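Some notes on the structure that comes next.
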Amino acid sequence: MNSRHWMILLAACCLAGNFHPVSFVNAADPVSFRKDIAPILLDRCVACHGPKKAEGGYRADSFERAMKEGDSAAAGFLAKNLDESEAFRRMTSDDEFERMPAESDPLPDEQIALFKRWIEEGAAFDGDDPKAELVTVIPAPTHPEPPEAYPFTLPVTSVAFTKDGQALIAGGYHELTVWNPADGKLIRRIKNVGQRTYGLALNPDGTILAAACGAPGRLGEARLFNPGTGELLQVLGTTSDVVLDVAFSPQGDRLAVAAADGVLKVFEVATGKLQLTVTSHSDWVTAVAWNADGTKLASASRDKTAKIIDAKTGELLVTYSGHGQPVKGVAFHPDGAEAFSSGNDNKIHRWKIADGKKTADIGFGGEVFKLPMGGDFLFAASADKTVRQFEAKSHKQLRSLTGHQDWALTVAYHGPTKRMASGGFDGEIRVWNAEDGKLVTAFLAAPGYQPPAE
Numbered sequence: 053m054n055s056r057h058w059m060i061l062l063a064a065c066c067l068a069g070n071f072h073p074v075s076f077v078n079a080a081d082p083v084s085f086r087k088d089i090a091p092i093l094l095d096r097c098v099a100c101h102g103p104k105k106a107e108g109g110y111r112a113d114s115f116e117r118a119m120k121e122g123d124s125a126a127a128g129f130l131a132k133n134l135d136e137s138e139a140f141r142r143m144t145s146d147d148e149f150e151r152m153p154a155e156s157d158p159l160p161d162e163q164i165a166l167f168k169r170w171i172e173e174g175a176a177f178d179g180d181d182p183k184a185e186l187v188t189v190i191p192a193p194t195h196p197e198p199p200e201a202y203p204f205t206l207p208v209t210s211v212a213f214t215k216d217g218q219a220l221i222a223g224g225y226h227e228l229t230v231w232n233p234a235d236g237k238l239i240r241r242i243k244n245v246g247q248r249t250y251g252l253a254l255n256p257d258g259t260i261l262a263a264a265c266g267a268p269g270r271l272g273e274a275r276l277f278n279p280g281t282g283e284l285l286q287v288l289g290t291t292s293d294v295v296l297d298v299a300f301s302p303q304g305d306r307l308a309v310a311a312a313d314g315v316l317k318v319f320e321v322a323t324g325k326l327q328l329t330v331t332s333h334s335d336w337v338t339a340v341a342w343n344a345d346g347t348k349l350a351s352a353s354r355d356k357t358a359k360i361i362d363a364k365t366g367e368l369l370v371t372y373s374g375h376g377q378p379v380k381g382v383a384f385h386p387d388g389a390e391a392f393s394s395g396n397d398n399k400i401h402r403w404k405i406a407d408g409k410k411t412a413d414i415g416f417g418g419e420v421f422k423l424p425m426g427g428d429f430l431f432a433a434s435a436d437k438t439v440r441q442f443e444a445k446s447h448k449q450l451r452s453l454t455g456h457q458d459w460a461l462t463v464a465y466h467g468p469t470k471r472m473a474s475g476g477f478d479g480e481i482r483v484w485n486a487e488d489g490k491l492v493t494a495f496l497a498a499p500g501y502q503p504p505a506e
């Protein structure tokens with residue numbers, strides 16, 4: 053991850069402040085591991101005691117692991133025994149070198165009281181699978197309210213047009229903001245969204261909006277909304293790190309979810325049932341795309357590869373390793389026999405699905421992000437502050453749009469209105485006429501933000 057990506061995360065953290073989940077439990081009700089204990093473990097403990105790092109040989113990313121001992125050979129939690137529950141002892145220790153969380157504020161008294169009650173009541177597990185990751189055990193959270201007025205702008209990491217093209221949706225802070233693409237006026241705000249949104253997708257009939265969202269190193273989700281009313285329909289693909297991309301199948305019956313835990317999952321939209329889990333990448337899965345008939349998936353990853361996967365079986369069909377740098381975007385060529393991929397080597401590559409051999413590449417002046425397709429076109433946003441439109445079949449460049457004062461991070465296209473929209477690192481959205489490249493409007497996607505006086 054380069055310094056700019058860390059800045060995106062830092063901006064989110066500055067807005068967030070210190071967040072400590074506190075569960076308000078009726079004294080007459082038993083403490084629930086799922087609702088009361090697991091969220092605290094996930095928020096305050098898993099960063100140092102999880103799959104990526106296990107300080108002291110102890111992990112707290114599932115009920116089963118949290119109950120076990122670490123290097124100290126003492127159980128993390130022992131039913132009805134506070135003194136022998138090593139994790140609880142460290143949470144309440146006065147020794148700053150022993151106390152957990154290390155190098156952080158101690159747990160609030162209310163949270164300590166919850167752990168105490170839970171242990172005294174028998175440290176019971178009230179989920180289905182004690183081995184399951186905490187993020188899959190915890191009920192889907194209700195996210196905090198977004199700021200009424202943004203104190204500063206945030207990078208625009210995702211944009212999407214509604215089906216009729218009369219509204220443009222953008223990722224915000226714990227919300228999606230909906231704008232008029234003709235004049236840049238705010239239409240409405242969709243709340244109860246993960247901290248940041250990294251990808252947006254509409255199903256083919258435009259009735260479901262999927263948002264790839266989450267908080268780095270803590271929680272990732274694909275949240276499905278009614279794009280017109282903002283109603284939350286369901287939450288899929290909950291994971292321990294941010295969800296970076298989502299894509300509906302051409303038929304609209306399946307949703308592919310790509311996440312920073314290195315896993316690609318496919319869900320049945322109607323039921324929310326998990327159909328497929330693909331673990332062939334060794335690092336973040338940054339982007340995902342379907343082919344025209346929904347039989348194949350293309351995925352991009354920070355492991356410097358793009359892959360083609362059988363969408364029914366999950367079988368790996370081919371790996372493309374030509375970038376030599378993290379890959380940020382993927383798309384299928386219209387003929388179905390080739391694919392495009394983009395990334396940190398400042399290029400779009402075109403390559404054969406049959407054997408993973410490169411057939412062409414296109415150079416940019418900076419890294420290239422996701423590669424949305426629209427109609428007969430392929431689009432790309434780049435760190436060189438430029439948005440480009442290509443004829444997909446020939447990959448001939450048709451248009452180069454400039455005007456962003458910072459990285460262009462994302463782009464969307466609406467065929468019937470022939471409009472393109474792009475989002476920049478500085479928080480600006482620019483809407484263009486795709487026929488002549490003229491600017492329609494430009495605005496900062498930060499409700500209530502007041503730029504400092506010059």
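Residue 238 in the numbering used here sits at position 186 of the sequence shown, and the numbers go up by one each step. Backbone N, C-alpha and C define an ideal beta-carbon position, used for all residues, glycine too. It should be emphasised that the depicted structure is a prediction, and the values quoted were computed from it without experimental measurement.
Tell me the residue span of the beta strand (DSSP E) that contains residue i.
{"i": "Ala339", "result": "337-342"}
{"i": "Arg96", "result": "Counting along the chain, Arg96 falls outside any beta strand (DSSP E), though it belongs to the alpha helix (DSSP H) covering 90-96."}
{"i": "Arg402", "result": "399-404"}
{"i": "Glu185", "result": "Element bounds for Glu185: n/a, residue is neither H nor E."}
{"i": "Arg440", "result": "439-443"}
{"i": "Asp413", "result": "410-415"}
{"i": "Gln163", "result": "Premise fails: Gln163 lies in the alpha helix (DSSP H), 161-172, not in any beta strand (DSSP E)."}
{"i": "Asp297", "result": "295-300"}
{"i": "Arg306", "result": "306-311"}
{"i": "Ser40", "result": "Shown here, the chain extends from 53 to 506; a query on residue 40 therefore has no answer."}
{"i": "Ser334", "result": "Segment: none, Ser334 is in no beta strand (DSSP E) and carries neither H nor E."}
{"i": "Gly381", "result": "379-384"}
{"i": "Asp362", "result": "358-362"}
Please work out which residues of its chain come closer than 6 Å, Cβ to Cβ, to residue i, disregarding the five sequence neighbours upstream and downstream, and give them in chain order.
{"i": "Cys100", "result": "Glu107"}
{"i": "Gly395", "result": "His375, Gln377, Pro378, Val379, Lys380"}
{"i": "Asp297", "result": "Gly251, Ala264, Ala310, Ala339, Val340"}
{"i": "Leu328", "result": "Val318, Gly366"}
{"i": "Phe213", "result": "Leu220, Ala464, His466"}
{"i": "Gly475", "result": "Val208, Val211, Leu461, Thr462, Ile481"}
{"i": "Ala358", "result": "Ala352, Tyr372, Val379, Val382, Ser393"}
{"i": "Cys97", "result": "Ala112"}
Please report the distance separating the alpha-carbon of residue i from that of residue j.
{"i": "Lys348", "j": "Val420", "result": "23 Å"}
{"i": "Arg169", "j": "Gly258", "result": "47 Å"}
{"i": "Ala433", "j": "Phe85", "result": "44 Å"}
{"i": "Thr493", "j": "Arg482", "result": "6 Å"}
{"i": "Pro193", "j": "Val337", "result": "23 Å"}
{"i": "Leu491", "j": "His456", "result": "11 Å"}
{"i": "Asp335", "j": "Asp355", "result": "5 Å"}
{"i": "Lys409", "j": "Phe392", "result": "12 Å"}
{"i": "Ser210", "j": "Lys105", "result": "30 Å"}
{"i": "Pro160", "j": "Ala363", "result": "46 Å"}
{"i": "Ser75", "j": "Ala274", "result": "Because Ser75 sits at a pLDDT of 45, beneath the cut-off of 50, its placement in the model cannot be relied upon, and the following sentence gives the value as read from the coordinates. The straight-line gap from Cα to Cα measures roughly 24 Å."}
{"i": "Ile190", "j": "Gly179", "result": "9 Å"}
{"i": "Gln163", "j": "Pro103", "result": "24 Å"}
{"i": "Asp413", "j": "Ser292", "result": "35 Å"}
{"i": "Asp459", "j": "Ile171", "result": "The question names Asp, but residue 459 in the sequence shown is Trp. Cα-Cα distance, rounded: 51 Å."}
{"i": "Arg440", "j": "Ser332", "result": "31 Å"}
{"i": "Ala299", "j": "Arg471", "result": "21 Å"}
Look up residue i in the DSSP assignment and give the residues it is bridged to.
{"i": "Cys265", "result": "Thr249, Glu273"}
{"i": "His466", "result": "Arg471"}
{"i": "Gln286", "result": "Leu276"}
{"i": "Leu254", "result": "Leu261"}
{"i": "Arg241", "result": "Thr229"}
{"i": "Gln449", "result": "Phe442"}
{"i": "His485", "result": "First, the amino acid is wrong: residue 485 is Asn here, not His. DSSP lists Arg471 as partners of Asn485."}
{"i": "Ser373", "result": "Bridge partners of Ser373: none, in fact."}
{"i": "Glu390", "result": "Lys404"}
Counting only beta-carbon separations shorter than 7 Å, does residue i have a partner in chain B?
{"i": "Phe140", "result": "Annotation note: the requested chain B is absent from the structure, which comprises a single protein chain."}
If you run the structure through DSSP and keep just helix, strand and coil, what is residue i?
{"i": "Phe319", "result": "strand"}
{"i": "Glu138", "result": "helix"}
{"i": "Pro73", "result": "Legend: pLDDT at Pro73 = 43, less than 50; position of this residue unreliable, value from coordinates given subsequently. Coil."}
{"i": "Val189", "result": "helix"}
{"i": "Phe85", "result": "helix"}
{"i": "Gly108", "result": "helix"}
{"i": "Met152", "result": "coil"}
Which residues bound the alpha helix (DSSP H) around residue i?
{"i": "Ala118", "result": "115-119"}
Spatial neighbours of residue i within its chain, please: C-beta separation below 7 Å, excluding the five flanking residues on both sides.
{"i": "Ala127", "result": "Met119, Lys120, Glu121, Glu136, Ser137, Glu138"}
{"i": "Ala498", "result": "Tyr202, Thr205, Leu206, Gly479"}
{"i": "Thr229", "result": "Ala222, Leu238, Arg241, Ala497, Pro499"}
{"i": "Ala90", "result": "Leu186, Val189, Ile190"}
{"i": "Glu116", "result": "Pro182, Lys183"}
Tell me which same chain residues have a C-beta within less than 8 Å of the C-beta of residue i, skipping the five on either side of it?
{"i": "Thr411", "result": "Glu390, Arg402, Trp403, Lys404"}
{"i": "Ala123", "result": "First, the amino acid is wrong: residue 123 is Asp here, not Ala. Taken in chain order, the residues that qualify are Gly108, Gly109, Tyr110."}
Could you tell me whether any non-hydrogen atom of the ligand MN is closer than 6 Å to the CB of residue i?
{"i": "Ala312", "result": "Absence of the ligand MN from the depicted structure is noted, as is the absence of any ligand whatsoever, leaving it without description."}
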